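For the record, in the first sequence the residue sitting at position 516 is 1546 according to my numbering, with numbers rising by one throughout. Virtual Cβ for every residue (Gly too), placed ideally from N, Cα, C. If you're wondering where the values come from, they're calculated on a predicted model, not measured in any experiment.
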Amino acid sequence: MTTPSFHNTLGRRQEPLETLQPGKVKLYTCGPTVYDHAHIGNLRTFVFEDILRRSLRYLGYEVYQVMNITDVDDKTIARAREQQLSLADYTRPFTESFFEDLRTLHIEPAEQYPRATEHVPEMIALVERLVEKGYAYESEGSIFFRIAQDEDYGRLSGFDLDQVRQGDRVVDDEYSKEDPRDFVLWKGAKPGEPHWDSPWGPGRPGWHLECSAMSMKYLGETFDIHCGGVDNIFPHHENEIAQSESATGKPFARHFLHAEHLIVDGEKMSKSRGNFYTLKDLLEHPTKPAEPRALRYALLSVHYRKKLNFTLAGLDDAEAALRRVDQMRFALEHATEKEAVAVDLRVDRGGGALRPAVERLENDFAAALADDLNVSKALATVFDFVRTVNKVIESGSLENGDKARVLAALASVDDVLGVLDPADWPVNRPPTGPPNGSVDGPPKAPADRPVDAEAETRDNQLSDDDIEALIQARTDARADKNFARADEIRDQLTEQGIVLEDTPQGTRWKRNRGHLS
RNA sequence: GGCGACGUAGCCAAGUGGUAAGGCAAGGGUCUGCAAAACCCUCAUUCGUGAGUUCGAUUCUCACCGUCGCCUCCA
């Protein structure tokens, strides 16, 4: 097991991962507020968290992840009311949409997806603890956290609240507080709002409260890693720390990892700028429908602490990069191995020209991930490997076991990346709608996902046998120097989206998967 | 006003106190009946600008320019 180190927002330094229990990671990742569809910025963060959990497992850890679903807050309440729906009826489709997005991007499901509305008693209990300890007070039916009582408040964000400008939002706050910087734990119900009974009368939880209460319930009073977007650092995570640690007297989370934001065409994504994308927007893009696979690649390929500049052109680059790996896989499957020459019987390394390359890949890949999730570097090791394998294939020097070894190595690194096997991914064919029908429940783990490479191509008129026969006919024609006939067959196959590759070892073929190329 | 991040080839993007990974694009080559597809090779004397520290800086320091983020319910 390799011990990774991560940049901890708490302290702003990279430090080795220390877990409460050896080999086990308790991970809490802030989930969506289900007032609308997730946008690709949200998804960038979720992809980062997916890479984190997969990397931890790759490095030998067992991971237990909790992601909350915020299904009650100002926005959900306001919009539900606008549409005259109950809160549950309003949030349900967006919750489903969120899970569907996770499946589309092959984000592994967390172990728990607790909903805020289902944990109100736990939240009330937490507030009671804070009130008892003098960290919280009641005012007009609401409960506030008394920041002045918390001497180390601000240590995550680095804000000295005495210096912080008193923003409009603070000053204009409609609630009455002892100190304008105090934040609300429990909001007294206003007429017409959803509410729960509490010792302080009807009300609803404040935003920060749910994460403290639910992480405590599912992960314990202290856990290992807490993630979210950078905008969560303040106030959300700062307030979670304040609430949780004041209540328990114990450290809340040991490591905080925050994902930088995604920007679009160099600018902040916002609806007013017209550069705001949900996943659906991209999958159903009128001129260039995105491949989910390329999207995942694009979202994971930039280091999580760096702003990701999302562009449509970048999506094309991602597709091209993946094609490079696919092509190696394709060539490998059609190549033949030769008997390994027993060079040195004293060293039982199982032969294979590519054995050293495989070992280098696995070592370097793991080392890159262990270094604060350096995905760019990890990808570089994959492409170095691809080049090495290509050279061996082209020179015809694959040896016994090399094919299996290369495929196993690819599968191994793909346990983390989740993009390298085209058979796992449907092709986006916009006119016929989403290729995969069923969308219920959280996404399946890769191991459980049925792999059916040909499933999406069954609508082609030509069967594999037809194609093989035509290729044979073309080969015969070429042998007879009947090039007119040979080219005719080639054109016919091209029209059917069949790509021929003539090599010194014969003709191999593949179906053109992309809708552009 | 406070705090912070970033600026590396046409584009995306790693990285290090000792002389610049990887991907896309581009150019060349190989293969081919011709092609296509594919593969291979090449592609930053230089890391926003200026100064400083140093034997040596893209990497450290300072200043400047530029881009961006957070500053109480935005991932």
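Contact annotation, Ala1068 with Thr1100: C-beta distance approximately 12 angstroms; criterion of less than 8 angstroms not satisfied. Contact check for Pro1456 and Asp1356: beta-carbon distance about 15 angstroms, past the 8 angstroms limit, so the pair fails to qualify. Taking the C-beta atoms as reference points, Ile1263 is found no nearer than 8 angstroms to Leu1287.
Counting C-beta pairs closer than 8 angstroms gives fewer than three between the stretch 1422–1438 and the stretch 1306–1315, which falls short of the contact rule.
In this model, Gly1061 and Ser1116 are separated by some 21 angstroms (Cα to Cα).
Counted as a single uninterrupted DSSP element, the alpha helix (DSSP H) harbouring Gln1502 occupies residues Asp1494 to Ala1509. Between His1037 and the set Arg1541, Asp1080, Asn1404 and Lys1163, the nearest pair of CA atoms involves Asn1404. Contact annotation: Ile1271 and Leu1186 have beta-carbon atoms nearer than 8 angstroms.
When only Cα atoms are considered, Arg1087 and Gly1259 end up about 22 angstroms apart.
A check of alpha carbon separations from Ile1293 across Pro1386, Val1388, Asp1454 and Leu1342 identifies Leu1342 as the nearest.
As a beta-bridge residue in DSSP terms, His1256 pairs with Tyr1058 and Phe1286. Between Gly1218 and Glu1170, the gap from beta carbon to beta carbon is short of 8 angstroms.
For Phe1128, same chain residues with a beta-carbon under 7 angstroms away, outside a window of 5 residues either side, are Pro1062, Val1064 and Ala1068 in chain order.
Look at Ser1035 here: in three-state DSSP terms it is strand. Where Asn1339 is concerned, the enclosing beta strand (DSSP E) starts and stops at Leu1338 to Phe1340. Under the three-state reduction of DSSP, Leu1089 is assigned to coil, being neither helix nor strand. DSSP places Gln1044 in the uninterrupted beta strand (DSSP E) bounded by Arg1043 to Pro1046.
Under the DSSP assignment, Asp1445 falls outside any beta strand (DSSP E), being part of the alpha helix (DSSP H) whose first and last residues are Asp1432 to Leu1447. Under DSSP, the beta-bridge partners assigned to Arg1541 are Ile1528. Annotation: the stretch 1291–1324 contains the following complete segments of the alpha helix (DSSP H) (minimum length 4 residues), in chain order: 1309–1313. Closest option to Leu1073, judged by alpha-carbon separation, among Ala1289, Cys1241 and Gln1142: Ala1289. Taking C-alpha positions only, Glu1152 is separated from Thr1032 by approximately 37 angstroms.
Between Ser1035 and Asp1414 the beta-carbon gap is near 23 angstroms, outside 8 angstroms, which marks them as no contact. Taking a 10 Å sphere around the C-beta of Asn1098, we find 16 or more other C-beta atoms and assign the residue as buried. Only buried fits Pro1235, as 16 or more other CB atoms lie within 10 angstroms of its CB. In the same chain as Tyr1183, and ignoring 5 residues on each side of it, the C-beta atoms closer than 6 angstroms to its own belong to Ile1177 and Ala1272, in chain order. Bounds of the beta strand (DSSP E) holding Val1214 are Phe1213 to Gly1218. For Phe1175, the beta-bridge partners assigned by DSSP are Ala1166 and Phe1213. Counting along the chain, Pro1265 sits inside no beta strand (DSSP E), nor does DSSP assign it H or E at all. Tyr1334 and Phe1078 have their alpha carbons spaced roughly 6 angstroms apart. Looking from the CA of Lys1220, the closest CA among Trp1539, Ser1274, Tyr1058 and Arg1111 belongs to Arg1111. One alpha carbon belongs to Ala1361, the other to Asp1517, and they sit about 23 angstroms apart. Under DSSP, Met1153 takes part in no beta bridge, so it has no partner.
Boundaries of the beta strand (DSSP E) around Pro1235: Gly1233 to Pro1235. By the neighbour-count criterion, in which a residue is buried when 16 or more other Cβ atoms sit within 10 angstroms of its Cβ, Asn1458 is buried. The beta carbon of Ser1442 sits closer than 7 angstroms to the beta carbons of Glu1392 from its chain, once the five residues preceding and following it are set aside; these are given in chain order.
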